[in-house]
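Here the working numbering is used: the first residue of the sequence shown is 1, the next is one more, and so on.
The C-beta atom is built at its ideal place from N, Cα and C for all residues, glycine as well.
What you are looking at is a predicted structure, and each value in this text was computed from that prediction instead of being measured.
These notes concern the structure reproduced below.
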Amino acid sequence: MAKSGNTGNVFDLGALRRLVDELGIAPPEARAAVLDDSVAGDGDCDCPGCDSEALSFPPVDLASDADLARAVPRVPLVADVQRLVAWTGTREVTPECLLPDPVRAAAELGLSGPDRLHLLWVVAVNTGMLRISRGVASPGPLALSAELPATALLEFWDGVVMDVLDRADESLTGSAVVDEHLAEMLATMYAVNEGLSHATLVKGILQSHEVACEARPAQMRELTARLPAELEGALALLRYCGLVEPAAAGWHRLTPLGVWAVRQDLMREGHDAPTGAEVAVFADFGAAELVEAMVAGSVPPSAVTVWLESRSAETAARDLLKIASSGTAGQRGTVGTILEELGPEAEIPFREALGEPVMWRYAASWLHIRDLPAPALTPADNTWLAVDTLASLIHLGKAPEGMGEFGAIEPGEDLVRMVEEMAVVEHPDRIAVLEMLGAHHADAAVAKAARKAAMKARSRQARRLG
C-alpha cells in the first residue's frame with residue numbers, strides 16, 4: 001500500500017495469503033469465522049523482503065467508471081478541499097509553503113483543527129488544485145468539476161488516496177497503532193467485501209501488535225483498553241475520506257471508491273487483484289485449457305475458484321485427473337494445486353484414479369488427507385511423490401526457488417536418506433531431479449548426496465540400456 005515498510009500487519013503476509021484464498025471459496029456466512037481464526041498469524045518475520053511478497057486477492061466487482069467518477073466530488077474530504085481552494089484564492093504562504101495561521105484558517109473553514117487543514121492542504125497542492133510559486137498560493141491547473149472526464153476524476157481520486165495514506169507516516173488517524181497497521185487493515189477489508197466487525201479489526205490489530213512489536217503484557221492491557229475508541233476515531237476519518245462506510249450489523253466495509261482505490265494500490269505493489277469480469281472468462285475453459293493456461297502463467301489464482309464453481313466437484317476432478325494421468329510432471333503439479341481445493345464430494349473420481357499408474361499415489365494421498373479409506377503408501381511411494389513434485393518444478397521453470405519447499409519435506413539426515421533413495425525409484429525424471437538438487441540445494445550435505453545419487457542412477461540406467 002502507499003504506506004510501506006511497516007513491520008506490523010493485521011494479518012502477517014503468509015496468513016493473509018491463506019486467508020484471501022479461503023475467503024475466495026467460502027460462502028459469506030463462513031467468512032467471519034475464517035477471519036476470527038486467522039487474524040495475526042505467527043508474524044515472526046520482519047525482514048524487508050517479506051513486505052514485498054506478492055499476494056493474490058479474491059476478485060471484486062467494481063462500480064462503473066461513470067458511477068465512481070460521479071461519487072468523487074461527493075466525498076466529504078474532496079468537498080472540503082474544494083472549499084479550501086476557494087477560500088485560499090491567492091495569498092502568501094510561509095517558507096514551508098503552508099498557510100501562515102492554520103488555527104484561524106481551520107476556524108473560518110469550520111474544520112476540526114489544524115491537522116485536518118494540513119491534510120486538505122497537502123491534497124490540494126499535490127493534486128494540482130493549488131499551485132505555490134514564489135511564496136504565493138493560487139488556483140492550480142486542476143479545476144474539479146462534474147464535467148471532467150471520468151478518467152480524469154478517477155486519476156484525481158487515485159492521487160487523493162495516495163496522499164491520505166502517505167499521511168499515516170505522520171499521524172493520519174490520531175492513533176499511532178492504527179496508522180502502523182492501516183495499509184494491511186485496508187487490504188484485509190478489500191479481501192472481505194461484506195465487511196468486518198469492529199471486534200475483528202480490534203482483535204487483529206492487537207494480536208499483530210503484540211507479535212510484531214513484542215509488546216509487554218502491561219502495554220497490551222493498556223492498548224486493549226484504548227484501542228476500540230481509537231479505531232472508531234480512525235474509521236470515522238476513513239469515512240470522511242470516502243474509503244469506508246457502514247455495513248450490515250454495524251460492520252465496516254470499503255466504499256465502492258475505496259475498493260477501486262485500494263485495488264489500484266495493490267496492483268502498483270505487484271499483488272494479484274483481479275476483477276470479477278477478468279476471472280469470469282475462465283469459467284468456460286475446459287480442464288485442458290485451464291491447465292495449459294496455468295502452466296503458461298496466464299491465470300490469476302482466483303480464477304481457479306471461479307472455474308470450480310462452474311461445474312460439479314465430480315466433473316472437475318474426473319476431467320483434471322484424466323489430464324494428470326497422461327500428462328507431464330508439470331501438468332500433474334498444476335492439476336494437484338486445483339484438486340487440493342476439492343472436498344470429499346469428489347471422492348468417486350479419486351477412487352477410480354487408484355488404478356492409474358502415475359496417479360494412484362496422489363489419489364491415495366488425497367483420500368487419506370480427507371480421512372477416506374485408501375491404500376497405504378510405502379516409503380518408496382512417498383519417495384516417488386517427492387521426485388514427481390520436484391520434477392513438476394523443473395517442468396514449470398521453478399526449480400531453484402522450489403528448493404525451500406523440498407527442505408520442508410524431511411528434516412536433516414532424513415532428507416539425505418530420501419535423496420539416496422531417489423536413485424533407485426522408478427520415475428522417468430529422477431536423474432533430472434537429482435541433478436537439480438545437486439546444483440541448487442543450499443545444504444551442502446544434501447547437494448553432495450544428490451550428486452552421488454545422480455551418478456548411481458545414471459550408471460543403473462546405462463546398465464539397463466546395455
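Candidates 307, 313, 210 and 203: which alpha carbon is nearest residue 345's? Working through the sequence shown from its first residue, we reach residue 345 at position 345. If we check each option's Cα against that of residue 345, 313 comes out closest.
Which residues in the same chain have their Cβ closer than 7 Å to the Cβ of residue 62, if we skip the five residues on either side of it in sequence? Indexing the sequence shown from 1 puts residue 62 at position 62. Same-chain partners within the cutoff: 259, 260 and 275.
Between the C-alpha atoms of residue 391 and residue 203, what's the straight-line distance to the nearest angstrom? Here residue 391 refers to the residue found at position 391 when the sequence shown is read from its first residue. Here residue 203 refers to the residue found at position 203 when the sequence shown is read from its first residue. Near 42 Å, if we compare the C-alpha coordinates of residue 203 and residue 391.
Pick from 199, 329, 343 and 194: whose alpha carbon is nearest that of residue 309? One-based indexing of the sequence shown puts residue 309 at position 309. Its Cα nearest to that of residue 309, the residue 343 stands out among 199, 329, 343 and 194.
How would you label residue 87, buried or exposed, when you count the other beta carbons within 10 angstroms and need 16 or more for buried? By 1-based counting over the sequence shown, the position of residue 87 is 87. Residue 87 comes out exposed.
Excluding the five sequence neighbours on either side, which residues of its own chain have a C-beta within less than 6 Å of the C-beta of residue 415, listed in chain order? Reading the sequence shown from its first residue, position 415 is the one you call residue 415. Here the set comprises 446.
Could you pull the start and end residues of the alpha helix (DSSP H) that residue 459 belongs to? Residue mapping note: residue 459 aligns to position 459 of the sequence shown, counting from 1. Per DSSP, residue 459 belongs to the alpha helix (DSSP H) from 444–465.
Taking 8 Å as the threshold (C-beta atoms), are residue 119 and residue 106 in contact? Mapped onto the sequence shown, residue 106 falls at position 106. Mapped onto the sequence shown, residue 119 falls at position 119. Not closer than 8 Å, so no.
For residue 430: DSSP bridge partner residues: Within the sequence shown, the letter at position 430 stands for residue 430. Bridge partners of residue 430: none, in fact.
Give me the Cα-Cα distance between residue 335 and residue 321, rounded to the nearest whole angstrom. On the sequence shown, residue 335 is found 335 positions in, with the first residue counted as 1. On the sequence shown, residue 321 is found 321 positions in, with the first residue counted as 1. One C-alpha to the other measures close to 8 Å.
Suppose you measure from the CA of residue 374 to the CA of residue 366; what does that come to, to the nearest Å? Taking the first residue of the sequence shown as position 1, residue 374 is located at position 374. Taking the first residue of the sequence shown as position 1, residue 366 is located at position 366. If I take the Cα positions, the gap works out to 9 Å.
Can you round the beta-carbon distance between residue 136 and residue 93 to whole angstroms, since I take them to be within the 8 Å contact cut? Position 136 of the sequence shown holds residue 136. Position 93 of the sequence shown holds residue 93. Right, their Cβ atoms sit about 7 Å apart.
Residue 137 in three-state terms, based on DSSP: The residue labelled residue 137 in the question sits at position 137 within the sequence shown. DSSP places residue 137 in strand when its eight states are reduced to three.
Excluding the 5 residues flanking residue 389 on each side, which residues of the same chain have their C-beta closer than 7 Å to its C-beta? Walking along the sequence shown from the start, residue 389 turns up at place 389. The residues are 333.
Can you tell me where the alpha helix (DSSP H) holding residue 118 begins and where it ends? In the sequence shown, residue 118 corresponds to position 118, counting from 1. First-last of the alpha helix (DSSP H) with residue 118: 114–126.
Please name the residue in 216, 318 and 393 whose C-alpha comes closest to that of residue 356. Taking the sequence shown and counting its residues from 1, the one referred to as residue 356 is at position 356. When each option's Cα is compared against that of residue 356, the closest is 318.
8 Å CB neighbourhood of residue 67 in its chain, flanking five on each side removed: In the sequence shown, residue 67 corresponds to position 67, counting from 1. Taking C-beta separations shorter than 8 Å and ignoring five residues to either side along the sequence, the partners of residue 67 in its chain run 256, following chain order.
Is the CB-CB distance between residue 227 and residue 196 below 8 Å? Mapped onto the sequence shown, residue 227 falls at position 227. Mapped onto the sequence shown, residue 196 falls at position 196. No; because the gap between Cβ atoms is not below 8 Å, this pair is not in contact.
Can you find at least 3 beta carbon pairs, one from the segment 172–192 and one from the segment 139–148, that sit closer than 8 Å? Cβ pair count under 8 Å is below three, so no.
Using only the heavy atoms of the ligand COA, determine whether one of them is closer than 7 Å to the beta carbon of residue 327. You won't find the ligand COA in this model; it holds no ligand whatsoever.
8 Å Cβ cutoff met for residue 433 and residue 358: Start at 1 with the first residue of the sequence shown, and residue 433 comes out as number 433. Start at 1 with the first residue of the sequence shown, and residue 358 comes out as number 358. The Cβ atoms of residue 433 and residue 358 do not sit closer than 8 Å to each other.
DSSP beta-bridge partners for residue 238? On the sequence shown, position 238 is the one that residue 238 refers to. Answer is none; residue 238 lacks a bridge partner.
Please determine, among 351, 417 and 328, the residue with the shortest C-alpha to C-alpha distance to residue 427. Here the question's residue 427 lines up with position 427 in the sequence shown. The candidate whose alpha carbon is nearest that of residue 427 is 328.
Grab me the residues of residue 287's own chain with a C-beta within less than 8 Å of its C-beta, minus the 5 sequence neighbours each way, in chain order. As a first step, residue 287 is located in the sequence shown; it is residue number 287 there, counting from the start. Hits under 8 Å: 316, 319, 320, 322 and 323.
Whose C-beta lies closer than 6 Å to the C-beta of residue 363 among residues of the same chain, with five residues either side of it excluded? Here residue 363 corresponds to residue number 363 of the sequence shown, with the count starting at 1. 350, 353 and 354, listed in sequence order.
Of the listed residues 164, 424 and 131, nearest to residue 456 (C-alpha basis): Here residue 456 refers to the residue found at position 456 of the sequence shown. Checking every option, the nearest Cα to that of residue 456 belongs to 424.
Can you give me the Cβ contacts of residue 157 inside the same chain, cut-off strictly under 7 Å, excluding the 5 residues immediately before and after it? Here residue 157 corresponds to residue number 157 of the sequence shown, with the count starting at 1. Within the same chain, and ignoring the five residues on either side of residue 157 in sequence, the residues whose Cβ sits closer than 7 Å to its Cβ are 72, 257 and 261.
Can you give the Cα-Cα distance for residue 266 and residue 246, rounded to whole angstroms? Start at 1 with the first residue of the sequence shown, and residue 266 comes out as number 266. Start at 1 with the first residue of the sequence shown, and residue 246 comes out as number 246. Whole-angstrom Cα-Cα distance: 23 Å.
Just grab the DSSP bridge partners of residue 130 for me. For the purposes of this step, residue 130 is taken as the residue at position 130 of the sequence shown. Per DSSP, 139.
Taking only the alpha-carbon atoms, compute the straight-line gap between residue 302 and residue 97 and give it to the nearest angstrom. Looking up residue 302 in the sequence shown gives position 302. Looking up residue 97 in the sequence shown gives position 97. Rounded to the nearest angstrom, the two C-alpha atoms are 46 Å apart.
Along the chain, where does the alpha helix (DSSP H) containing residue 309 start, and where does it finish? For this step, residue 309 is matched to residue 309 along the sequence shown. Note, residue 309: alpha helix (DSSP H), 302–309.
Same chain only: Cβ atoms within 6 Å of residue 263, ignoring 5 sequence neighbours per side: The residue given as residue 263 occupies position 263 in the sequence shown. The answer, listed in chain order, is 273.
Where do the ends of the alpha helix (DSSP H) carrying residue 352 lie? The count along the sequence shown starts at 1 and reaches residue 352 at position 352. Per DSSP, residue 352 belongs to the alpha helix (DSSP H) from 347–352.
Taking Cβ positions, are residue 181 and residue 208 nearer each other than 8 Å? To locate residue 181, count along the sequence shown from 1; it is residue 181. To locate residue 208, count along the sequence shown from 1; it is residue 208. Against a cut-off of 8 Å, the Cβ pair of residue 208 and residue 181 comes out as a contact.
What are the start and end residues of the beta strand (DSSP E) that includes residue 244? Walking along the sequence shown from the start, residue 244 turns up at place 244. Looking at the DSSP string, the run of the beta strand (DSSP E) that includes residue 244 is 244–246.
Taking 8 Å as the threshold (beta carbon to beta carbon), is residue 265 in contact with chain B? The chain labelled as chain B is not found in the depicted structure, where only one protein chain is given.
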